[in-house]
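Working notes, beginning with the structure itself.
Number of protein chains: 2
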Amino acid sequence: MKYNTYHFFFRNLANPIKIKIISALKEKQSSVNELVNELKIEQSKLSHALASLRCCNIVEVKQKGKQRIYFLNKETILPILKIIDKHENKFCKNCPMRK
Amino acid sequence: MKYNTYHFFFRNLANPIKIKIISALKEKQSSVNELVNELKIEQSKLSHALASLRCCNIVEVKQKGKQRIYFLNKETILPILKIIDKHENKFCKNCPMRK
DNA sequence: AACATATATGAAATATAATTCATATGAAGT
DNA sequence: ACTTCATATGAATTATATTTCATATATGTT
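If you read the sequences in order, they're chains X and C.
Quick note, the first sequence lines up with residues 688 to 786 if you use this note's numbering.
Quick note, the second sequence lines up with residues 688 to 786 if you use this note's numbering.
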């Protein structure tokens, strides 16, 4: 196949909306509707994004009545984001592309 | 601005060609021509990819005569790839999308 | 079983990124 | 200063990903 785990995984992290979802779920688990309201992202867009994140086991989901509660698989994501933040501080401070 | 460090950084890692370059440079530093020959990727494609990697300080470059020698900034990349490999083993073993 | 609410899905439209190709630049040798 | 080799760059094309919108499904309620 043409693509691999790196591709699928990092594509999620390259996407601002998916990063927003991850950030929100870092704080607390949420239903789709809660995310819609908190992030002001429309429902189907969110569902598509969540499906993609779920597919890589970046988030997981559990049913609660009619709602589906999404929560973050922190084990992988948190260390990665920490490494990038460090990288940014160390190497990308005066990069002209940013901001 | 619309995009951020996560976007620029992870977009590189989501791209199979750029991952190939990173893997090659993990072994040893190389000139563009060496990469062309080893990876069988055409020169301008490589140059574009290298520019993008350089932009995020994933690789660096030094001049040596007419050649430009690219080398990996291992500090950030190696830990990240290790984390993903672990993630893949733990969570993506029987994912139907892969292979 | 009909209905409402919550979420997911598919396909078309749109946006974004990667590739290609022609050409530019830059260093080194003559 | 001209030529060659090594690499970079820009712009048009093509490929891929995201968004949108209409609709489907699933759960719980009456």
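Where is the CB? At the ideal position from N, CA and C, for every residue including glycine.
What you are looking at is a predicted structure, and each value in this text was computed from that prediction instead of being measured.
- Taking 9 Å as the Cβ-Cβ cut-off, the stretch 689–700 of chain X approaches chain C at Lys689, Tyr690, Asn691, Thr692, Tyr693, His694, Phe695, Phe696, Phe697, Arg698, Asn699, Leu700, given in chain order.
- Excluding its 5 nearest sequence neighbours in each direction, arginine 755/X has C-beta neighbours in its own chain below 8 Å: Ser718, Val719, Val748, Lys749, listed in chain order.
- Spanning the alpha carbons of lysine 773/C and glutamate 775/X requires a straight line of approximately 23 Å.
- Under the three-state reduction of DSSP, glutamine 716/C is assigned to coil, being neither helix nor strand.
- Residue environment analysis places alanine 738/X among the exposed positions, since fewer than 16 neighbouring C-beta atoms fall within 10 angstroms of its C-beta.
- Look at histidine 735/X: its C-beta is not under 8 Å from any C-beta on chain C.
- Distance from the CA atom of lysine 780/C to the CA atom of threonine 692/X, rounded to whole angstroms, is 10 Å.
- Interface annotation, glutamate 714/C: not in contact with chain X, CB-CB separation never under 8 Å.
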